[in-house]
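With positions in the sequence shown counted from 1, the corresponding number in our numbering is that position plus 6.
For glycine and all other residues, C-beta sits at the position ideal for the given N, C-alpha and C.
These notes are about the structure you will find just below.
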Amino acid sequence: GMFGAIALVVLLILFGVYKYIQSRKVTQMPTIRIDEGIPPEITPSKEALKDPTVLRRWAEVQADSSSAENWSRLAFAFHNIGELENAIQSLYKALEIEPENTRFHFQMGHFHKEIGNNKDAIRHFERYLELNPESTKSAEEVKGLLERLRKGEE
Numbered sequence: 007g008m009f010g011a012i013a014l015v016v017l018l019i020l021f022g023v024y025k026y027i028q029s030r031k032v033t034q035m036p037t038i039r040i041d042e043g044i045p046p047e048i049t050p051s052k053e054a055l056k057d058p059t060v061l062r063r064w065a066e067v068q069a070d071s072s073s074a075e076n077w078s079r080l081a082f083a084f085h086n087i088g089e090l091e092n093a094i095q096s097l098y099k100a101l102e103i104e105p106e107n108t109r110f111h112f113q114m115g116h117f118h119k120e121i122g123n124n125k126d127a128i129r130h131f132e133r134y135l136e137l138n139p140e141s142t143k144s145a146e147e148v149k150g151l152l153e154r155l156r157k158g159e160e
């Protein structure tokens, strides 16, 4: 009766409070499917977190991890301080949200090329061209890059 109803309300309130506290915690980066040789979690080094741009971008991602742009900006911040594996991981998160985004594939191709991972660089550049069939200056650039990368793969 009355007691049961009150108990239920109290439980619901407690559950709501618990859920709210959970949601406020800094979320652990969800792991994702990745290319070869890149650790699946994004863990900014202590050095990285001293960089004001990385810190700001990291906070933005924590505030809204569903924004591909936030992840892309974090990727660039990592790239600027030379943390390429974290840059690649962050860009993967962006691609997971917007898999058809040509800019992300273009960037990912370059990131992989920089770490000497030609196979994945080729994959992302090819995807970029598939999604971007009209001949643009960057499409021409990518075609040239692909030719050189494929030669290196032989």
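Please look up how many angstroms separate the CB atoms of residue 100 and residue 77, rounded, as I've assumed it's under 8 Å.
Taking 8 Å as the upper bound for CB-CB distance, residue 100 and residue 77 are in contact here, some 4 Å apart.
Using 8 Å as the threshold, is the C-beta distance between residue 131 and residue 97 below it?
no
Less than 7 Å between C-beta atoms, sequence neighbours within five positions excluded: which residues of the same chain meet that for residue 176?
With the chain running from 7 to 160 in the structure shown, residue 176 is simply not present.
Exposure of residue 14, with buried meaning 16 or more beta-carbon neighbours within 10 Å
Its Cβ having fewer than 16 others within 10 Å, residue 14 is exposed.
Exposed or buried, which one is residue 48 when buried takes at least 16 other CB atoms within 10 Å?
buried
Neighbourhood of residue 110 by C-beta, 8 Å cutoff - its chain only, sequence neighbours within 5 removed
74, 78, 97, 100, 101 and 104
Quick one, are the C-beta atoms of residue 67 and residue 80 less than 8 Å apart?
yes
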